[in-house]
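Each residue of the sequence shown is one higher than the last, beginning at 765 in the working numbering. To start, the structure itself, in structure tokens.
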Amino acid sequence: MNIYSLRPVAAQCLPTATLPYTDLRQPGAARPVHSNSLPELGAGQKQGTWPLNARAPWQYRLFPLLRRIDACQGSPYPLGCSRLPHHDPLRLGQSPFPGYTASEIAAIDPCHLSGLGRVTVYGFGLFGAEGPLPLHLTEHAWQRQKHHQDTALASFADIFHHRLISLFYRAWAASQLALSYDRIDTRSVDDCLASLLGMGQPALRPEGLNLHLCSYLAGHLSRRPRNAEGLKSILQQVFSVTVHVLENRFHWQAIPRRSQWRFRADQPAALGRDTCLGISTADYRQTFRLLIGPLDWNGYQRMLPGVYAGPPSPLSAAGLLQQWVHWYVGQELSCEVQLELDGKAYRGCRLDAGQPLGQACWLGHNPDGCARREVIYRLPSSPREPD
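As structure tokens, then:
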């Protein structure tokens, strides 16, 4: 059986074992645990059942079984990393069977006396034909448990078995990159991929951008120098829209006041060579334009800056567009955004619809099927600069 698949090979129609979820952050008055001493659980981790077939434990292998339980039970710590035993989602132990076995799992008990589920294994532990203890101790523990219902010796050894098996599983899980996505608090592979992009430290990561998506686009983000094809591909995959990059757009570049020329005898200048008239100069190298569309009505509203008015918000699609453009291109170039609304999606102009004139509605004749490209806005050169 594949180590990444936990579906039983046979007898899949047998009923599954159900284990009520226990909130380990509040285990009860007898053993109080402060909620601020444990990390918060991720979304989707708190579930209430063990998707296991307790009647046929031999169908499972140890590591895939523990992986499924660790991912589904919603424990505050990953299995093998807990500080106290009651932080673990289950109890682990070994059956003192003196012979050789054909399976790794001896029993699965979803309703153990401890209030948590219990998984008993054969091979890994102190007992057994391959264990470090003499065989007569294994036989003694087996006879006491089998004929006298005395589990004192086996239960005492399970105090050590639980921690040893947990650490054994954690050592295996640390070497499996796929397992890091089972829980939100164990995604070490994201840190490894972020290091390839120069974002290994949290302070170097762009705020508000999905790190997993950045890792997916590592081919474009690690390329030097930046190019229009890479920016187009990134924006199309992030927003799922059609994007065209128009380079070398005409732009009036403002001349700083301290750089403007004044009539002085000691500073001669020739018009057209050393100086120019006015407070701005024509420039074709510092500005490019993003033509986004055609968009439907909902997509067009999302791409408008700040929901019809104001600078782009970090939570809006326009704010996310600003972050991606500045991170990929930098702040040396100026970016304009031109939105194209599909003519079939235009809803016309109504007084009670709250549509800003020039952004969501236009006066005059609006032919059917004609795309609207009137909305053009400039992305701020820095996140704090107003639009």
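Glycine included, each C-beta is placed from N, C-alpha and C at the ideal position.
Sequence-distant residues of its chain with Cβ nearer than 6 angstroms to residue 1058 (five each side left out):
The count along the sequence shown starts at 1 and reaches residue 1058 at position 294. Excluding positions up to five away in sequence, the list reads 1104, 1106, 1135.
On a Cα-Cα basis, can you pick out the residue from 835, 1093, 1082 that is closest to residue 943?
Against the sequence shown, residue 943 aligns to sequence position 179. Answer by Cα proximity: 835.
Cβ-based burial, residue 1032 [other Cβ within 10 Å; buried from 16]:
What you label residue 1032 is simply residue 268 of the sequence shown in a count that begins at 1. By the neighbour-count rule (16 or more Cβ atoms within 10 Å), residue 1032 is not buried but exposed.
Of the choices 927, 858, 873, whose alpha-carbon is the least far from that of residue 893?
Residue 893 sits at position 129 when you count from the first residue of the sequence shown. Nearest option by C-alpha distance: 858.
Measure from the alpha carbon of residue 852 to the alpha carbon of each residue in 831, 839, 1140, then state which is nearest.
As a position in the sequence shown, residue 852 is number 88, starting the count at 1. Comparing Cα-Cα distances from residue 852 to each of 831, 839, 1140, the minimum goes to 839.
Here's a check: name, in chain order, each residue in its chain whose Cβ is nearer than 7 angstroms to the Cβ of residue 998, leaving out the five neighbours to either side.
Locating residue 998 in the sequence shown gives position 234, counting from the first residue. The answer, listed in chain order, is 981, 984, 1088, 1092.
In its own chain, which residues sit with a C-beta less than 7 angstroms from the C-beta of residue 1011, not counting the 5 before and 5 after it?
Residue 1011 sits at position 247 when you count from the first residue of the sequence shown. Correct list, in chain order: 992, 1052.
Is it right to say residue 1140 is buried, meaning 16 or more other beta carbons lie within 10 angstroms of its own, or is it exposed?
Translated into the one-based positions of the sequence shown, residue 1140 becomes position 376. That one is exposed.
Three-state secondary structure assigned by DSSP to residue 822
Looking up residue 822 in the sequence shown gives position 58. Residue 822: helix per DSSP, three-state reduction.
Grouping DSSP H, G and I as helix and E and B as strand, with all else coil, what is residue 1126?
By one-based count along the sequence shown, residue 1126 stands at place 362. If DSSP states are grouped into helix, strand and coil, residue 1126 belongs with coil.
What is the DSSP secondary structure of residue 1107, reduced to helix, strand or coil?
Position 343 of the sequence shown holds residue 1107. Three-state DSSP puts residue 1107 in a helix.
Please report the Cβ distance between residue 854 and residue 883, rounded to the nearest whole angstrom; I am assuming they are in contact, meaning their Cβ atoms lie under 8 angstroms.
For this step, residue 854 is matched to residue 90 along the sequence shown. For this step, residue 883 is matched to residue 119 along the sequence shown. The Cβ separation is near 6 angstroms, so the contact holds.
Is it buried or exposed, residue 1084, if we count other Cβ atoms within 10 angstroms and call 16 or more buried?
Looking up residue 1084 in the sequence shown gives position 320. Under this definition residue 1084 is a buried residue.
Identify the continuous beta strand (DSSP E) that holds residue 1061 and give its terminal residues.
Within the sequence shown, the letter at position 297 stands for residue 1061. Residue 1061 -> not in any beta strand (DSSP E); alpha helix (DSSP H) instead, spanning 1061 to 1067.
Straight-line gap, residue 1038 to residue 962 (C-alpha atoms, nearest Å):
On the sequence shown, position 274 is the one that residue 1038 refers to. On the sequence shown, position 198 is the one that residue 962 refers to. Looking at the two C-alpha atoms, the distance is approximately 42 angstroms.
Residue 828 to residue 969 span [Cα, whole Å]:
On the sequence shown, residue 828 is found 64 positions in, with the first residue counted as 1. On the sequence shown, residue 969 is found 205 positions in, with the first residue counted as 1. One C-alpha to the other measures close to 33 angstroms.
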